[in-house]
Amino acid sequence: DAGVIQSPRHEVTEMGQEVTLRCKPISGHNSLFWYRQTMMRGLELLIYFNNNVPIDDSGMPEDRFSAKMPNASFSTLKIQPSEPRDSAVYFCASSPLDRGSNQPQHFGDGTRLSIL
Amino acid sequence: RKEVEQDPGPFNVPEGATVAFNCTYSNSASQSFFWYRQDCRKEPKLLMSVYSSGNEDGRFTAQLNRASQYISLLIRDSKLSDSATYLCVVNTNAGKSTFGDGTTLTVKP
Chain A
19 DAGVIQSPRH EVTEMGQEVT LRCKPISGHN SLFWYRQTMM RGLELLIYFN
69 NNVPIDDSGM PEDRFSAKMP NASFSTLKIQ PSEPRDSAVY FCASSPLDRG
119 SNQPQHFGDG TRLSIL
Chain B
8 RKEVEQDPGP FNVPEGATVA FNCTYSNSAS QSFFWYRQDC RKEPKLLMSV
58 YSSGNEDGRF TAQLNRASQY ISLLIRDSKL SDSATYLCVV NTNAGKSTFG
108 DGTTLTVKP
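Residue numbers (the numbering used here), protein chains in the order written: chain A, 19 to 134; chain B, 8 to 116.
Right, here's the structure in full:
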């Protein structure tokens, strides 16, 4: 079975450039999560969607960050303009939507982003 | 205070040792609990769910204490391959997961 698929795996770009990270959740999973991980701050939840609708974006650092989920099989996280402090590993995860919240999340391989 | 707190370690133990990690959470309305494992430069992977009655999976035992709001993970007969960072995860009924910062384990020959 295909897991969560993220692209690109690595990205190196200069500050000021627009960065778009992509995620395809596991088929049938209704919840999708975007995380950022750094040594200093650990794993931080940026935003999550249920049934393509953003539920909580309180973790999005600032207006330079935006996320969309146009359909059940695709989501993007965009940074514009990018800054060196955005350098991190960005993970996408998905899970089945369960009102009882008993479902664990499955993570993609992550995108290693370096902003020069 | 963080919503989910873990001792960061590192825990350095010899092969064959038994090691235990604890995790505390602040939201009393938390519904479900998990332990994840993360290897260096890899994504977090589900290790096991944590059930109210406690549960075991081979050398791994997880326990939940709702009254004191903590969960634990016990690893018996440690293997070199157990070396990793172990993340405690707490879900609310809205489906939101909060991850601890992780506890680093190194098992040495």
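Glycine residues also receive a C-beta, built at the ideal position from the N, C-alpha and C atoms. Note that this is a predicted model, so its numbers are computed, not measured.
Rounded straight-line distance, which links the Cα of residue j to that of residue i
i, j, result
"residue 85 (chain B)", "residue 50 (chain B)", "22 Å"
"residue 66 (chain A)", "residue 90 (chain A)", "13 Å"
"residue 127 (chain A)", "residue 35 (chain B)", "32 Å"
"residue 115 (chain B)", "residue 22 (chain B)", "6 Å"
"residue 62 (chain A)", "residue 107 (chain B)", "10 Å"
Closest Cα partner of residue i within the set the options
i, options, result
"residue 104 (chain A)", "A:126, A:58, A:68, A:87", "A:58"
"residue 58 (chain B)", "B:107, B:40, B:90", "B:40"
"residue 101 (chain A)", "A:88, A:27, A:36", "A:36"
"residue 3 (chain B)", "B:87, B:116, B:14", "With chain B running from 8 to 116 in the structure shown, residue 3 (chain B) is simply not present."
"residue 25 (chain B)", "B:8, B:89, B:108, B:103", "B:89"
"residue 64 (chain A)", "A:133, A:85, A:121, A:25", "A:85"
"residue 87 (chain A)", "A:34, A:39, A:80, A:33", "A:39"
Chain-order list of residues whose beta-carbon lies under 6 Å from that of residue i (same chain, five-residue window excluded)
i, result
"residue 105 (chain B)", "10, 11, 97"
"residue 70 (chain B)", "61, 79"
"residue 130 (chain A)", "28, 107"
Where residue i sits in the DSSP three-state scheme
i, result
"residue 88 (chain A)", "strand"
"residue 72 (chain A)", "strand"
"residue 134 (chain A)", "coil"
"residue 21 (chain B)", "strand"
"residue 93 (chain A)", "strand"
Contact belief for residue i with residue j at Cβ below 8 Å, rounded distance in angstroms
i, j, result
"residue 49 (chain A)", "residue 70 (chain A)", "That pair is no contact at about 10 Å."
"residue 43 (chain A)", "residue 22 (chain A)", "6 Å"
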